[in-house]
Amino acid sequence: MDPVSVGMLAALAGGAGGELGRQAWATLSELVRRPFSRQAGAVATGEAELVALSESPGEPARAEALSSALAARAAVDPDFAAALASWRRQAPALREGSVTNTISGGTQYGPVIQGRDFSGITFNSPPAPPARES
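Numbering (our numbering), first residue to last: 1 to 134.
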């Protein structure tokens, strides 16, 4: 099984994807916390890595550790592998990609933020200056 994308894990842990992202993270958390279906030996469940990433989603090493733990567990637990594959198909597509911003329609006054996946932003800009009379 291919490992789960480090970028996707970091994005979900950091809250990307809005409500769908939160649901995907919660579902992954439930999946990781399920007991092994078979004897797994020395393979970790991935729960410690999941908790570590949720505490510090901006640290790529933690996302890499979780991805590796998920792959290792999937390699020894076929039921977990099937459930993880199903989760991956259903998880929201959190892709890196291009963003197109268009500002048009005459003179614009106020702040502009260009990017993607913003949340919790409030604009408190001063009112536009009075229109000049010609």
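The beta-carbon is built from N, C-alpha and C at its ideal position, and this holds for glycine as well.
Report the start-end ranges of each alpha helix (DSSP H) in the stretch 55–115 that is 4 residues or longer and not cut off at the edges.
Those alpha helix (DSSP H) runs which fall completely within the stretch 55–115 and span 4+ residues are 60–76 and 78–90.
Kindly indicate which residue of 74, 109, 62 and 43 has the alpha-carbon position closest to the one of residue 10.
For the purposes of this step, residue 10 is identified with residue 10 of the sequence shown, where counting begins at 1. Measuring from the Cα of residue 10, the nearest candidate turns out to be 62.
Residues of its chain near residue 44, where Cβ-Cβ distance is below 6 Å and the 5 sequence neighbours each way are ignored:
Taking the first residue of the sequence shown as position 1, residue 44 is located at position 44. So the qualifying residues of the chain are 69.
Anticipated Cβ contact below 8 Å, residue 67 with residue 13, distance rounded
Looking up residue 67 in the sequence shown gives position 67. Looking up residue 13 in the sequence shown gives position 13. Contact doesn't hold; Cβ gap of about 11 Å is too wide.
Taking C-beta to C-beta, are residue 88 and residue 80 nearer than 8 Å?
Position 88 of the sequence shown, counting from 1, holds the residue named residue 88. Position 80 of the sequence shown, counting from 1, holds the residue named residue 80. Their beta carbons are not under 8 Å apart, which means residue 88 does not touch residue 80 by this criterion.
According to DSSP, simplified to helix, strand and coil, what is residue 46?
Reading the sequence shown from its first residue, position 46 is the one you call residue 46. Coil.
Taking only the alpha-carbon atoms, compute the straight-line gap between residue 86 and residue 28 and give it to the nearest angstrom.
Numbered from 1 along the sequence shown, position 86 holds the residue referred to as residue 86. Numbered from 1 along the sequence shown, position 28 holds the residue referred to as residue 28. So the alpha carbons of these two residues sit roughly 11 Å apart.
Are the beta-carbon atoms belonging to residue 20 and residue 32 less than 8 Å from one another?
For the purposes of this step, residue 20 is taken as the residue at position 20 of the sequence shown. For the purposes of this step, residue 32 is taken as the residue at position 32 of the sequence shown. No. Outside cutoff.
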